[in-house]
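Step one of this worksheet: look at the structure below.
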Amino acid sequence: MPRLSREARHPVTIILNGKRASGYAEPRLLLVDFLRREIGATGSHVGCEHGVCGACTVRVDGKAVRSCLMYAVQADGRRVDTVEGLGDDSSDLTALQSAFRREHALQCGYCTPGVLMSISDFLERNPKPTETEIREMLSGHICRCTGYAGMVRAVLDVVSNGGAAESPKSE
Ligand code: FES
Ligand code: FES
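So the sequence shown is numbered by the numbering used here: it starts at 79 and just counts up by one.
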């Protein structure tokens, strides 16, 4: 898609994983494309582009949202958390990420960033979910690889160890 001139685009500033990030967005630019193309935060993936697969899930003001269903200009001034903000640095995984690794909850990893963001929001709202509730929540994500069993085990593991997924960093 050819870019519009800078004059036809709007300045957008978000708090991305606790740090201010700014760029320009034409009015129709999706938040996920703004994150990936304008800011360079490529952790959030694009799958279906119409709100079905969950690969693009990020948290906006703490709430898990499909970033392919939101325009970048709607995120202006808001807190956006992505998978890049979950660990403190590249060698420091959250309890949830460690459980994913331990339980083989990912294969190709394409769905994983969105799944992690949904689970982190879910566990903050419901720190002691049942297995049924976990399965229901995961049903909002399409994973072509894992069969979901590892993801369910990983979340149950985090829950039984009393470790909710860590909150994203704040500025
Ligand atoms: S890319 Fe957003 S839900 Fe599939
Ligand atoms: S791990 Fe490959 S799509 Fe989920």
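No residue lacks a Cβ here, since even glycine has one placed at the ideal position from N, Cα and C.
Distance from the Cα of Lys206 is smallest, within the candidate group Ser238, Arg213 and Thr224, for Ser238.
Ligand 2 approaches Gly187 closely enough that one of its heavy atoms is under 7 angstroms from the residue's Cβ. For Thr120, there is no enclosing beta strand (DSSP E), as DSSP marks it with neither H nor E. The C-alpha of Ser122 is placed about 15 angstroms away from the C-alpha of Cys221. Only residues of its own chain outside the window of five on either side were considered, and among them Leu171, Thr172 and Gln175 have a CB closer than 7 angstroms to the CB of Gly165, listed in chain order. In the three-state reduction of the DSSP assignment, Ala183 falls in the coil class. Following the DSSP letters along the chain, one finds Asp159 inside the beta strand (DSSP E) bounded by residues Arg157 to Asp159.
At least one heavy atom of ligand 1 lies closer than 7 angstroms to the C-beta of Ala133. By the criterion of a C-beta distance shorter than 7 angstroms, Ala86 is surrounded in its chain by Glu104, once the five residues flanking it on both sides are discounted. Here Thr91 carries a strand assignment [DSSP, helix/strand/coil].
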